[in-house]
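Structure, as structure tokens:
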Amino acid sequence: MSRPTNIVIAGLGGQGVIKASDILADMAFHAGLDVKKSELHGMSQRGGSVSSDVRFGEKVFCPMVSVGEADYLVVIDSTQVPVNAAMLAADGVLIEPAQIDESKLTNKKSINVALLGVLSRSLPFPAEAWHEALKRNLPEKLHAANLQSFALGREG
Amino acid sequence: MEDHCKDNTKALLSGDEAVAWAALDAGVCLGTGYPGTPSTEILETFAHLGGRAQWAPNEKVAFEVALGVAYAGARSIVTMKHVGLNVAADPFFTAALTKVDGALVVISADDPGMASSQNEQDNRRYAQAAGVPMLEPSDSQEAYEFTLLAIELSERWQAPVMLRLTTRVCHAKTIVRRGRAAIPAPRQAHHRQDPRNRVMIPAHARPAHHRLRAMLRDLTAWNEAEGPNQWIEGSMQLGIITSGISYQHVREAAPEASILKLGMTYPLPIEKMRVFAQSVEKCVIVEEGDPWLVEAARTAGIAVVGKHEMYRHGELNPTRVRRILQDDCSPEPKPVPGKPPALCPGCPHRIAFKTLKELNCIVSGDIGCYTLGVLPPFEAMDTMIDMGASIGVGLGMRHALPEAEARRVVSVIGDSTFVHSGITGLVEMVYNPPSTGHVVLILDNGTTAMTGLQEHPGTGRSLDHAKTGKVIFEDLARALGIKNVFVLDPATETDRFQTLLKESLNKSELSLIVARRNCLLAAGSISEYERCNEQAD
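Residue numbers (this note's numbering), protein chains in the order written: chain A, 4 to 159; chain B, 2 to 538.
Set out below in structure tokens:
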């Protein structure tokens, strides 16, 4: 059985870490894969560090990504890179806000979705699958801005 | 929460959401509880799905309401975090002796590792102590199935059944396939007189205790024969007995091992555990928290290997399970500390703690966002134990401290916490006042902020934000006979707040100050709810 893909999304409370992982997990679920996702709620709502683990593949047991086993680490706030760096596998890929030209974002708050766009370049899912997942997980009034952010990240 | 799949039979759900779906599919008449991470989303989801869900003032009352529903022949769930069961422990123990006609499922959401709690108590011990059957799901699918099973068992054995969840089961999202009609339809609610089984005077409780032990023996036989336990054949060298989320870690850490996964962990299928342990060269028990399964196995004379004491602390994960299997107790690498949580910029609690610090108060604190007042830059909290403790502990300090110090003591409590367990503290203050008087400060931000902005009896709105009866703290305090009662907005009346607090500390009288200003995160929604409710009037 092939090993699941491990992704960690990290940032600060209020930056849309959980929303980004919801979109990613939902997209993988609709692609017919086994999916698990996990994070800690509670105190994280008060502006502290937040991270969320998403794993998908043929079969997933543990909902958490182990230290040193993340294939991708998506960090929404650059201060959180050192906090989460140990999660990355030796050949893992770090995706960080510097990869996005924030001045090009219609909505600055959708940096989380722009970084999903960057991540999407490395994952085997068509753009439409991402678009549908975005629409399922965001209110309609935010669709346009987030589709733009996603495209910015995906197309570079 | 969205329905994630068109046919509505398969969805990616958290364990909490899965429990709510099961409650809906089982025709649960009422879900009640008190908000507490990681259990809060169960009732919120149940209400969202159209179920009848309500917040109680605290877990004890919630438990009693749910018990009444089950006595009436209907199905109920009562939700709480692990420490909530301490509050509900009194009815929990004695309810176990009584007979329900409907179903009562007690949902305890434990928090190993204390992601959002003041302790990491292991509530499996409560099931054993009270003699309440317990199920432990390991993912959302099982959270769904075991909720249905708990309802079925509760009706069949006429007993409350505990569903023990942990943080990673409550909040992890995994795929759930729903199946309807998995259990019989609920019965019609009705009153049946049965004082011998429901009025626990000693003459009734003595035979009831014998009956409980007999029931647990029968249930053990059922669990041995057809309980929700899985024996997964694997290596003859290594066998692992596990339950709950630890099972998932074990599958990753030791894919080759034979596994006995326990779904019903009280009463245990101890003979099955014995046969399993004898079938392998080495039998290891992998469990989070207390060595509870290890103790049970060893008491029964089963040779098992437990984990090193260091793994009693915190959550397990596949890496830690590998270490347990290798008996590796070398120091674990420490994670890089993240940014700690803090009171939001502009939070009204900030003003309160700044003032308390400036006046050099000794602060007997309580549970909520405002507990963050202990951290820099405020560092203005001296004690925090459990819901409502601020008042009792503050009074005790006043009784014992030298006068100059006693006069600096203030009890600081939030609005939801005050309703939960602060009211009896206020009665104590009136009944046994310290010679220096006392000052209680209610930080009323109009919501249960810490757990995600839930309503409570002080907001005058029910779980679904509709208008209902409202407990007015200042009226309550005056009715109890507290002489000095003040209400103010700490943001717009900061100077008055400081003056009043100073004056109250200097008096040898009882004072209650309500610092009332809505939580910044909730203010918009609260205005909206109020507007809707006014229109409805």
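Where a beta carbon is used, it is the ideal one built from N, C-alpha and C, also for glycine. No experiment lies behind these values; they were computed from the predicted model shown.
Check whether the Cβ atoms of residue i and residue j sit closer than 9 Å, and answer yes or no.
i, j, result
"glycine 71 of chain A", "leucine 97 of chain A", "no"
"methionine 67 of chain A", "proline 349 of chain B", "no"
"glycine 366 of chain B", "valine 420 of chain B", "no"
"valine 116 of chain A", "asparagine 149 of chain A", "yes"
"isoleucine 233 of chain B", "arginine 275 of chain B", "no"
"serine 54 of chain A", "valine 84 of chain A", "no"
"threonine 41 of chain B", "glycine 453 of chain B", "yes"
"valine 285 of chain B", "valine 306 of chain B", "yes"
"glycine 52 of chain B", "alanine 75 of chain B", "no"
"histidine 439 of chain B", "methionine 451 of chain B", "no"
"serine 512 of chain B", "phenylalanine 487 of chain B", "yes"
"methionine 216 of chain B", "glutamate 137 of chain B", "no"
"serine 117 of chain B", "threonine 38 of chain B", "yes"
"histidine 191 of chain B", "leucine 98 of chain B", "no"
"phenylalanine 32 of chain A", "phenylalanine 59 of chain A", "yes"
"serine 259 of chain B", "serine 280 of chain B", "yes"
"serine 141 of chain B", "valine 106 of chain B", "no"
"glycine 290 of chain B", "alanine 144 of chain B", "no"
"valine 84 of chain B", "alanine 63 of chain B", "no"
"glutamate 456 of chain B", "lysine 484 of chain B", "no"
"cysteine 30 of chain B", "proline 187 of chain B", "yes"
"cysteine 370 of chain B", "leucine 344 of chain B", "yes"
What does DSSP give as the partner residue(s) for residue i in the beta ladder?
i, result
"alanine 73 of chain A", "A:Leu91"
"valine 515 of chain B", "B:Ile443, B:Val488"
"threonine 449 of chain B", "B:Gln455"
"alanine 258 of chain B", "B:Ser236"
"asparagine 9 of chain A", "A:Arg58"
"aspartate 37 of chain A", "A:Gly60"
"leucine 15 of chain A", "A:Ser52"
"glutamate 42 of chain A", "A:Ser55"
At what residues does the alpha helix (DSSP H) containing residue i begin and finish?
i, result
"arginine 497 of chain B", "495 to 507"
"alanine 130 of chain A", "130 to 140"
"phenylalanine 64 of chain A", "Taken as a continuous stretch (DSSP letters only), phenylalanine 64 of chain A belongs to no alpha helix (DSSP H), as it is neither H nor E."
"glutamate 406 of chain B", "404 to 407"
"tyrosine 432 of chain B", "424 to 432"
"alanine 154 of chain A", "146 to 158"
Between which two residues does the beta strand (DSSP E) carrying residue i extend?
i, result
"glutamate 272 of chain B", "Taken as a continuous stretch (DSSP letters only), glutamate 272 of chain B belongs to no beta strand (DSSP E), being part of the alpha helix (DSSP H) at 271 to 279."
"lysine 100 of chain B", "Counting along the chain, lysine 100 of chain B falls outside any beta strand (DSSP E), and DSSP gives it neither H nor E."
"tyrosine 267 of chain B", "265 to 267"
"methionine 163 of chain B", "162 to 167"
"arginine 76 of chain B", "76 to 82"
"serine 526 of chain B", "It is not in any beta strand (DSSP E) - serine 526 of chain B instead sits in the alpha helix (DSSP H) that spans 521 to 537."
For residue i, count the other beta carbons within 10 Å of its own beta carbon; 16 or more makes it buried, fewer makes it exposed. Which is it?
i, result
"arginine 218 of chain B", "exposed"
"proline 161 of chain B", "buried"
"glutamate 3 of chain B", "In this prediction, glutamate 3 of chain B has a pLDDT of 42, which is less than 50 and means its spatial position is unreliable; what the coordinates show is noted afterwards. The residue in question, glutamate 3 of chain B, is exposed, as its Cβ has fewer than 16 Cβ neighbours within 10 Å."
"serine 391 of chain B", "buried"
"methionine 237 of chain B", "exposed"
"glycine 228 of chain B", "buried"
"lysine 503 of chain B", "exposed"
"cysteine 171 of chain B", "buried"
"tryptophan 133 of chain A", "buried"
"proline 268 of chain B", "buried"
"glycine 374 of chain B", "buried"
"valine 337 of chain B", "exposed"
"glycine 525 of chain B", "exposed"
"arginine 462 of chain B", "buried"
"glutamine 102 of chain A", "exposed"
"cysteine 520 of chain B", "buried"
"alanine 110 of chain B", "buried"
"tyrosine 540 of chain B", "Because chain B in this structure spans residues 2 to 538, residue 540 of chain B falls outside the shown range and cannot be described."
"alanine 42 of chain A", "In the sequence under discussion, the amino acid at residue 42 of chain A is glutamate, which differs from the alanine named in the question. Buried."
"histidine 309 of chain B", "exposed"
"lysine 61 of chain B", "buried"
Using a Cβ-Cβ cutoff of 7 Å, what residues of the region 49 to 75 of chain A are near chain B? List them in chain order.
Arg49, Gly50, Gly51, Ser52, Phe64, Cys65, Pro66, Met67, Ser69, Val70
Chain-ordered residues of the region 334 to 345 of chain B with a beta carbon less than 8 Å from chain A
Pro334, Pro336, Val337, Pro338, Gly339, Lys340, Pro341, Pro342, Ala343, Leu344, Cys345
Members of the region 306 to 323 of chain B that neighbour chain A once the beta carbon cut-off is set at 8 Å:
Asn318, Pro319, Thr320
Taking beta-carbon pairs under 7 Å, can you tell me which members of the region 19 to 44 of chain A lie near chain E?
No chain E is part of this structure, whose protein chains are labelled A and B.
Interface residues of the region 160 to 180 of chain B facing chain A [CB-CB below 8 Å]:
Thr168, Arg169, His172, Ala173, Lys174, Thr175, Ile176
Using a Cβ cut-off of 7 Å, which residues of the region 240 to 274 of chain B contact any Cβ in chain A, in chain order?
Gln249, His250, Arg252, Glu253
For the region 83 to 107 of chain A, enumerate the residues whose C-beta is nearer than 9 Å to any C-beta of chain B, in chain order.
Gln83, Pro85, Val86, Asn87, Ala88, Ala89
With 7 Å as the limit, tell me which residues of the region 13 to 31 of chain B have their beta carbon closer than that to any beta carbon of chain A; keep them in chain order.
Leu13
Note down, in chain order, all residues in the region 99 to 119 of chain B with a beta-carbon under 9 Å from any beta-carbon belonging to chain A.
Asp112, Gly114, Ala116, Ser117, Ser118
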